[in-house]
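The letter at position 112 of the sequence shown is residue 111 when you use numbering that gives the first Met the number 0, and the numbering goes up by one with no holes. Think of the CB as a built atom: it goes at the ideal place given N, C-alpha and C, for glycine as much as any other residue. Take a look at the structure set out below.
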Amino acid sequence: MMSLALRLNLPAILTGLLGACAVIALLMRALPPPVVRRLGLLLLLPGPGLALALASIHSGLGWLEGMLIAPAVVFPTGATLLTLPPGTTRAAIGLGADLPTRLRLIWFPLLLPSAFLSILLAVVFCVACALLDHP
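Written as C-alpha coordinates, this is what we have:
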(Lines of atoms letter the chains of each structure in order from A and count residues from 1; the text may use other names and numbers.)
(Lines give C-alpha, C1' and ligand atoms only; values in the text may rest on other atoms or scores of the structure.)
Protein backbone atom coordinates (compact mmCIF):
# COMPACT_ATOMS: atom_id res chain seq x y z
CA MET A 1 0.00 0.00 0.00
CA MET A 2 2.78 2.42 0.91
CA SER A 3 4.79 1.68 -2.24
CA LEU A 4 1.66 2.18 -4.35
CA ALA A 5 1.05 5.58 -2.76
CA LEU A 6 4.66 6.59 -3.39
CA ARG A 7 4.57 5.34 -6.98
CA LEU A 8 1.34 7.16 -7.79
CA ASN A 9 1.94 10.50 -6.10
CA LEU A 10 5.68 11.12 -6.02
CA PRO A 11 6.20 12.01 -9.73
CA ALA A 12 3.60 14.79 -9.62
CA ILE A 13 4.99 16.15 -6.35
CA LEU A 14 8.55 16.17 -7.73
CA THR A 15 7.38 17.89 -10.94
CA GLY A 16 5.78 20.69 -8.96
CA LEU A 17 8.82 20.92 -6.69
CA LEU A 18 11.29 21.24 -9.56
CA GLY A 19 9.11 23.75 -11.42
CA ALA A 20 8.69 25.95 -8.36
CA CYS A 21 12.42 25.74 -7.55
CA ALA A 22 13.18 26.98 -11.07
CA VAL A 23 10.77 29.90 -10.64
CA ILE A 24 12.27 30.75 -7.25
CA ALA A 25 15.79 30.65 -8.74
CA LEU A 26 14.71 33.11 -11.43
CA LEU A 27 13.15 35.39 -8.82
CA MET A 28 16.35 35.27 -6.76
CA ARG A 29 18.25 36.58 -9.78
CA ALA A 30 15.68 39.26 -10.66
CA LEU A 31 14.68 40.68 -7.27
CA PRO A 32 16.90 42.47 -4.76
CA PRO A 33 18.09 40.36 -1.79
CA PRO A 34 15.91 42.05 0.90
CA VAL A 35 12.77 41.38 -1.15
CA VAL A 36 13.78 37.76 -1.75
CA ARG A 37 14.43 37.29 1.99
CA ARG A 38 11.03 38.70 2.98
CA LEU A 39 9.20 36.72 0.31
CA GLY A 40 10.96 33.53 1.38
CA LEU A 41 10.01 34.06 5.01
CA LEU A 42 6.40 34.78 4.06
CA LEU A 43 6.15 31.50 2.15
CA LEU A 44 8.37 29.36 4.40
CA LEU A 45 5.96 28.48 7.20
CA PRO A 46 2.53 28.23 5.55
CA GLY A 47 3.77 26.46 2.40
CA PRO A 48 4.66 23.01 3.77
CA GLY A 49 1.74 23.12 6.19
CA LEU A 50 -0.66 23.77 3.33
CA ALA A 51 0.99 21.02 1.27
CA LEU A 52 0.49 18.47 4.04
CA ALA A 53 -3.08 19.63 4.66
CA LEU A 54 -3.85 19.53 0.94
CA ALA A 55 -2.38 16.03 0.72
CA SER A 56 -4.68 14.74 3.43
CA ILE A 57 -7.80 16.44 2.03
CA HIS A 58 -7.52 16.16 -1.77
CA SER A 59 -5.74 13.69 -3.98
CA GLY A 60 -4.45 14.32 -7.47
CA LEU A 61 -2.93 17.74 -6.76
CA GLY A 62 0.63 16.55 -6.34
CA TRP A 63 2.13 19.28 -8.49
CA LEU A 64 0.54 21.92 -6.23
CA GLU A 65 1.89 20.15 -3.15
CA GLY A 66 5.36 20.22 -4.70
CA MET A 67 5.05 23.93 -5.42
CA LEU A 68 4.04 24.59 -1.82
CA ILE A 69 7.02 22.61 -0.53
CA ALA A 70 9.53 24.46 -2.74
CA PRO A 71 10.10 27.55 -0.53
CA ALA A 72 11.10 25.36 2.41
CA VAL A 73 13.50 23.42 0.19
CA VAL A 74 15.09 26.48 -1.45
CA PHE A 75 15.31 28.61 1.70
CA PRO A 76 18.49 27.11 3.28
CA THR A 77 20.54 27.32 0.09
CA GLY A 78 19.09 30.70 -0.84
CA ALA A 79 19.89 32.14 2.58
CA THR A 80 23.49 30.97 2.23
CA LEU A 81 23.79 32.52 -1.23
CA LEU A 82 22.24 35.81 -0.11
CA THR A 83 24.69 36.18 2.79
CA LEU A 84 27.74 35.57 0.60
CA PRO A 85 29.83 38.75 0.15
CA PRO A 86 29.45 39.95 -3.45
CA GLY A 87 33.16 40.09 -4.30
CA THR A 88 34.17 36.62 -3.11
CA THR A 89 34.37 34.97 -6.52
CA ARG A 90 35.87 38.07 -8.11
CA ALA A 91 38.59 38.16 -5.43
CA ALA A 92 39.37 34.47 -5.97
CA ILE A 93 39.67 35.05 -9.72
CA GLY A 94 41.91 38.04 -9.07
CA LEU A 95 44.17 35.90 -6.90
CA GLY A 96 44.52 33.35 -9.71
CA ALA A 97 42.12 30.61 -8.60
CA ASP A 98 40.75 28.55 -11.47
CA LEU A 99 37.24 27.05 -11.50
CA PRO A 100 38.05 23.73 -9.76
CA THR A 101 39.92 25.58 -7.01
CA ARG A 102 37.03 28.02 -6.49
CA LEU A 103 34.57 25.14 -6.33
CA ARG A 104 36.73 23.19 -3.89
CA LEU A 105 37.71 26.08 -1.60
CA ILE A 106 34.74 28.47 -1.77
CA TRP A 107 31.50 27.01 -3.10
CA PHE A 108 31.51 23.44 -1.73
CA PRO A 109 32.34 24.39 1.88
CA LEU A 110 29.74 27.18 1.83
CA LEU A 111 26.91 25.32 0.13
CA LEU A 112 27.38 21.73 1.31
CA PRO A 113 25.55 22.01 4.69
CA SER A 114 22.66 24.00 3.25
CA ALA A 115 22.39 21.75 0.19
CA PHE A 116 22.29 18.68 2.46
CA LEU A 117 19.54 20.30 4.55
CA SER A 118 17.60 21.20 1.39
CA ILE A 119 17.79 17.64 0.07
CA LEU A 120 16.75 16.25 3.45
CA LEU A 121 13.75 18.62 3.63
CA ALA A 122 12.75 17.74 0.07
CA VAL A 123 12.83 14.00 0.77
CA VAL A 124 10.92 14.31 4.05
CA PHE A 125 8.19 16.59 2.70
CA CYS A 126 7.78 14.72 -0.61
CA VAL A 127 7.46 11.34 1.09
CA ALA A 128 5.09 12.76 3.71
CA CYS A 129 2.84 14.30 1.05
CA ALA A 130 2.93 11.14 -1.07
CA LEU A 131 1.97 8.97 1.90
CA LEU A 132 -0.80 11.32 3.01
CA ASP A 133 -2.42 11.36 -0.44
CA HIS A 134 -5.40 9.07 -0.68
CA PRO A 135 -5.40 7.24 -4.05
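Spatial neighbours of Trp62 within its chain, please: C-beta separation below 8 angstroms, excluding the five flanking residues on both sides. Here residue 62 is taken as the residue at index 63 of the sequence shown, counted from 1. Cβ within range, chain order: Ala11, Ile12, Thr14, Gly15, Gly18.
In this structure, how does DSSP classify Leu94 when only helix, strand and coil are distinguished? Position 95 of the sequence shown, counted from the first residue, corresponds to residue 94. Three-state DSSP puts Leu94 in coil, outside helix and strand.
So, under 8 angstroms CB-CB, Ile56 and Cys128 are touching, yes? Tell me the CB distance rounded to an integer number of Å. Counting from 1 along the sequence shown, the entry for residue 56 is found at position 57. Counting from 1 along the sequence shown, the entry for residue 128 is found at position 129. Going by Cβ atoms, the distance from Ile56 to Cys128 rounds to 12 angstroms, so no, they are not a contact pair.
So, are the CB atoms of Ser117 and Thr82 less than 8 angstroms apart? Your numbering for residue 117 matches position 118 in the sequence shown. Your numbering for residue 82 matches position 83 in the sequence shown. No, these two residues do not count as a Cβ contact at 8 angstroms.
Do Pro47 and Phe124 have their CB atoms nearer than 8 angstroms? In the sequence shown, the residue the question calls residue 47 occupies position 48. In the sequence shown, the residue the question calls residue 124 occupies position 125. The answer is yes: Cβ separation under 8 angstroms.
Between Ala96 and Leu53, what straight-line distance do the alpha-carbon atoms span, to the nearest angstrom? Position 97 of the sequence shown, counted from the first residue, corresponds to residue 96. Position 54 of the sequence shown, counted from the first residue, corresponds to residue 53. Approximately 48 angstroms, taken between the alpha carbons.
Compare the Cα-Cα distances from Leu41 to each of Ala90, Ala71, Val122, Phe115 and report the closest residue. The residue labelled residue 41 in the question sits at position 42 within the sequence shown. Checked all of Ala90, Ala71, Val122, Phe115; the closest Cα to Leu41 is Ala71.
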